[in-house]
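FYI, the numbering for the sequence shown is 145 to 404, going by my numbering.
Ideal Cβ placement from N, Cα and C applies to all residues, glycine included.
These numbers were taken from a predicted model, which means no experiment stands behind them.
Take a look at the structure set out below.
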Amino acid sequence: MKTVAQVFTAGIEAGLQLRLSRVARQELEAVTAIMESTSLTDASDTRCNDLFCKDGTLSTAALYNLTMSATDPGCSFFTFIWKNRAPSKVQFFGWLMVQERVQCKANLLKKSIVDNDTCEVCANAREDTNHIFFQCSFACEFWRTIGVDPSNAFAAEPWNLAWPATTPLTHRSTFALLCFWQVWKHRNGVVFREEAPSLQQLVQRCRDEARAWRCRFKREDESVCNSCLYLLLWGKRQEALHCPPKDAENDKEQQLPVQI
Ligand SMILES: [Zn+2]
């Protein structure tokens, strides 16, 4: 590790690896210009950084806020993906989804990893990100089962999904990520474990996951989580009922579409 004085004496180019890229050459010119206009003294070092606390230590909170200010609200999906109660692995999956970078067959075909890009759930279309989550006949049936219209939905803008008016706005992105995550896991079951597509099973898994995520909410938000669970229990029926009966979760007569 060299000191600043040693670099000034030897010259900055002595410590660089050739060949420099175009950007590196531009940066070298900028640094050289700064060095030429700078003279070192024997005085003690003075460290200057806006992220330092008064005692001279680095504040990670300031660093975090600076990083966040660079992306929020500049990034269209920042709030939807990161400001919710979903587990971090599901948030990361959502981050890939909105950028259409999930390992769908269309993306794998581009990398020559698979021989075709046909959807293995419906076997009827090219499997890209939008197809998996909104255009596949299976996915469409799932969304309609829980009362969501997938007609004009896009994976890159999941916040525009047309939820029933009765669905609470609070934590809606958490619930949406839960559904996307389960649709993706169901798709993987079909592709990798040769499971038969099952709408009933998918809804059941969403319901189980929603129950498991209850502990992720603050006590005052439990009603929101319950609303999401009711949506999974009844789907469109909730719109007509507005208020589900007390034994909602024990309703043995819930009508889910048959397996497709
Ligand atoms: Zn399909």
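Does residue i pass the burial test, meaning 16 or more other C-beta atoms within 10 Å, or should it be called exposed?
{"i": "Leu122", "result": "Nothing about residue 122 can be read from this structure; the chain reaches only from 145 to 404."}
{"i": "Ile178", "result": "exposed"}
{"i": "Val475", "result": "With the chain running from 145 to 404 in the structure shown, residue 475 is simply not present."}
{"i": "Thr201", "result": "exposed"}
{"i": "Asp272", "result": "buried"}
{"i": "Gln279", "result": "buried"}
{"i": "Cys263", "result": "buried"}
{"i": "Val246", "result": "buried"}
What three-state label does DSSP hand residue i in the structure shown?
{"i": "Thr311", "result": "coil"}
{"i": "Asp194", "result": "coil"}
{"i": "Arg351", "result": "helix"}
{"i": "Asp365", "result": "helix"}
{"i": "Ala230", "result": "coil"}
{"i": "Ala297", "result": "coil"}
{"i": "Ala267", "result": "coil"}
Leaving out five residues before and five after residue i in sequence, what residues of the same chain have Cβ atoms less than 6 Å from its Cβ?
{"i": "Phe224", "result": "Trp303 and Ser317"}
{"i": "Leu207", "result": "Leu195"}
{"i": "Trp239", "result": "Ile225"}
With a threshold of 8 Å on Cβ separation, who are the neighbours of residue i within its own chain once the five nearest residues in sequence on each side are excluded?
{"i": "Leu346", "result": "Phe286, Gln326, Val327 and His330"}
From residue i to residue j, what distance separates their C-alpha atoms?
{"i": "Met241", "j": "Ala149", "result": "49 Å"}
{"i": "Trp226", "j": "Arg191", "result": "34 Å"}
{"i": "Phe319", "j": "Leu305", "result": "12 Å"}
{"i": "Thr314", "j": "Ser367", "result": "10 Å"}
{"i": "Asn193", "j": "Ser203", "result": "10 Å"}
{"i": "Glu364", "j": "Thr311", "result": "17 Å"}
{"i": "Cys219", "j": "Asn332", "result": "29 Å"}
{"i": "Ala214", "j": "Gln243", "result": "18 Å"}
Locate the alpha helix (DSSP H) running through residue i, then write down its first and last residues.
{"i": "Asn251", "result": "Lys249 to Lys254"}
{"i": "Arg331", "result": "Arg316 to Phe336"}
{"i": "Glu180", "result": "Arg166 to Glu180"}
{"i": "Ala154", "result": "Val148 to Ala154"}
Looking only at its chain, what residues have a beta carbon closer than 7 Å to the beta carbon of residue i, apart from the 5 residues adjacent to it on each side?
{"i": "Trp307", "result": "Val292 and Arg316"}
{"i": "Cys372", "result": "Phe319 and Ala354"}
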